[in-house]
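Student: Here it is, the structure in full.
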């Protein structure tokens, strides 16, 4: 699995001449960094008398952050797997009419999954952004920088995931599916842009 | 070393209750993803007759991308080391006047290094952004998505690094040093914002 490689090994694999992992897995990893950093800030805020009035929310954020971190780490490999399924479908035989029909159906199915997976990454990154703005606002100020970095890495994960959703949509013929995904992308984009803006403004206040 | 940990191990360490690694190392890792992805796009463009007119530039970009990737991967650990030196300086004895003077000097020195290191990360990320816009423009369109993700991850790396530069400046008293760093941050910010904007516009044209 990609996530069992060393950091150096993963980066080398990403840079290599193999088609996967690519931007999709990199986006999921960027989102994972964001989720991990929200949890880090919670660890420096939880149980400190100075921040006693926000303990309940911090405990909640930490729980959500840990779940999002696990999900996003899992998506690093799942994105590459989804991409490999698309490649596999394109390699199916296409001699007979029956083979052509099966191949075409498998390509459609694989592309749908390869759009849905980065959509999950994008959704998780928006959830991370919601935690980032909160930890940047109520978390231990000694970790304000980590909170701000959680925001920018999660936003990069979101943007990267959306590129991957869109690129896979280009091969899909199912109009209802396309419509549904495009609507969802539009909603997420509005949320992500707003949250990113809030995080940058707050970071400017806190960090300079 | 952090970069010898598995991807999962690094993320766990980042999320943990230890002060390092934190946002600085995460920013360097985000930048590394960007550099690696520019190299990936070059690998899918180099040597293909279809892109024969851009071969020279692609070879140049690949060389630069590989160097930036190595540098940014190295900075993942160096940022954490620089942070640890700051922590060590604050723990120096402060009983006698002499001890106080030595401690104060070491704190200043460590904070300068802890500003200069993320500044190097930010500079490297701007260089990655310059490569990202080129590979998104002239690279194999099959890897347009990877080129676009290289841009957003490098920009996140830049932003994260700048947060880290600024947070460490707050403890530095040397006005000439502060002035020099702030000027450089201002220049880099203009370049990074422009490149990011160009990359997003180009990604919109190519990906949708």
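Residue numbers (the UniProt record's numbering), protein chains in the order written: chain A, 1 to 208; chain B, 1 to 208. Note that CB positions come from ideal geometry on N, CA and C, so glycine has one too.
(1) Report yes if the C-beta distance between residue 146 (chain A) and residue 31 (chain B) is below 7 Å; otherwise report no.
(2) Have a look at residue 8 (chain A) and residue 20 (chain A) and give me their C-alpha separation to the nearest angstrom.
(3) Beta-carbon separation of residue 148 (chain A) and residue 136 (chain A) under 7 Å?
(4) Check this for me: beta carbons of residue 161 (chain A) and residue 26 (chain A), under 7 Å apart or not?
(5) Quick check: the stretch 161 to 178 of chain B against the stretch 36 to 47 of chain B, are at least 3 beta-carbon pairs closer than 8 Å?
(6) In the DSSP output, what is residue 6 (chain B) paired with across the bridge?
(7) Counting pairs of beta carbons, one from the stretch 37 to 44 of chain A and one from the stretch 59 to 66 of chain A, are three or more of them closer than 8 Å?
(8) Residue 94 (chain B) and residue 103 (chain B) - do their beta-carbons sit closer together than 7 Å?
(9) Compare the Cα-Cα distances from residue 188 (chain A) to each of A:125, A:134, A:177 and report the closest residue.
(10) Should residue 53 (chain A) go down as buried or exposed, given a rule of 16 or more other Cβ atoms within 10 Å for buried?
(11) Please list, in chain order, all residues of the same chain as residue 84 (chain A) whose beta carbon is under 8 Å from its beta carbon, the five residues on each side excluded.
(12) Near residue 143 (chain B), which residues of its chain fall below 7 Å by C-beta distance, leaving aside the five closest residues on each side in sequence?
(13) Could you tell me if residue 88 (chain A) is buried or exposed, where buried requires 16 or more neighbouring beta carbons within 10 angstroms of its beta carbon?
(14) Rank A:200, A:165, A:208 by C-alpha distance to the C-alpha of residue 207 (chain B) and give the top, closest one.
(15) Taking residue 51 (chain B) as the reference, which of B:195, B:158, B:139 has the closest Cα?
(16) Would you please verify whether the beta carbon of residue 146 (chain A) is less than 7 Å from any beta carbon of chain D?
(17) Judging by CA-CA distance, which residue of A:59, A:12, A:37 is the nearest neighbour of residue 38 (chain B)?
(18) Using CA atoms only, rank isn't needed, just tell me which of A:33, A:14, A:24 is closest to residue 15 (chain B).
Tutor: Taking the coordinates as given:
(1) no
(2) 16 Å
(3) yes
(4) no
(5) no
(6) A:6
(7) yes
(8) yes
(9) A:125
(10) exposed
(11) 20
(12) 40, 41, 44
(13) exposed
(14) A:165
(15) B:139
(16) Looking at the structure shown, chain D is missing, and the protein chains on hand are A and B.
(17) A:12
(18) A:33
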